[in-house]
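Each position in the sequence shown, counted from 1, maps to that position plus 36 in my numbering.
The structure under discussion appears below in the form of structure tokens.
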Amino acid sequence: MITPPKVFKSLADETRARATLLIASLGELCVCELMCALDDSQPKISRHLAQLRSSGLLLDRRQGQWVYYRLNPELPTWVHELLQVTLQANAQWLANNTLRLQNMDGRPVRDTACC
């Protein structure tokens, strides 16, 4: 069960907060995209994503060599609303991350036929 302490504890770290908000904004991102957007190493990004997945905030799926992360669709409405309000109020805080992602060379192509 997702509780407020679990959500806020999961988002208390800046890397996890930025990753979660980017995923909430764009729907789905892979580790390499988050590495580029957050300008951080693969081990650090993967460790934070594992924490977000174990807390129930994110789900992952594998497509070839890529692992994609998305918000858990079974999150309570209040969590989705919290993330949307936070996104709307903090676009400038994520601006550099979003720009790095937009300028990323070699972004993986998602399989549109996949679930």
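Glycine is no exception: its CB is placed at the ideal position from the N, C-alpha and C atoms.
It should be emphasised that the depicted structure is a prediction, and the values quoted were computed from it without experimental measurement.
Own chain partners of residue i with C-beta closer than 8 angstroms, once the 5 adjacent residues on each side are dropped
i      : result
Leu123 : Leu57, Ala60, Ser61, Leu130
Ser46  : Arg52, Thr56, Gln87, Leu88, Ser91, Leu93
Met71  : Ser77, Gln78, Ile81
Val43  : Ser91, Leu93, Val115, Leu118
Glu69  : Leu137, Met140, Arg143, Pro144
Residue burial classification, residue i (beta-carbon count within 10 angstroms, cutoff 16)
i      : result
Asn126 : exposed
Ala48  : exposed
Asn133 : buried
Leu74  : buried
Those residues which DSSP pairs with residue i across a bridge
i      : result
Trp102 : Gln99
Cys66  : Tyr104
DSSP state of residue i mapped onto helix, strand, coil
i      : result
Leu93  : coil
Asp111 : It should be pointed out that residue 111 corresponds to Leu in this sequence rather than to Asp. In the structure shown, Leu111 sits in coil (DSSP, three-state: anything other than H, G, I, E or B).
Ser46  : helix
Arg71  : With the sequence shown as reference, residue 71 is identified as Met, and Arg is not the correct amino acid for it. Helix.
Arg143 : coil
Ile38  : coil
Ser61  : helix
Other residues of its chain near residue i: CB distance less than 6 angstroms, five sequence neighbours each side excluded
i      : result
Pro144 : Cys66, Trp102
Cys151 : The pLDDT assigned to Cys151 is 36, lower than 50, so where the model puts this residue is not dependable; a value taken from the coordinates is nonetheless given after this. Within the same chain, Cys151 has no close Cβ partners at all.
Cβ shell of residue i (< 7 angstroms), same chain only, five flanking positions each side left out
i      : result
Asn108 : Gly92, Leu93, Leu94, Leu95
Rounded distance between the beta-carbons of residue j and residue i, thought under 8 angstroms
i     : j      : result
Ile38 : Leu111 : 6 angstroms
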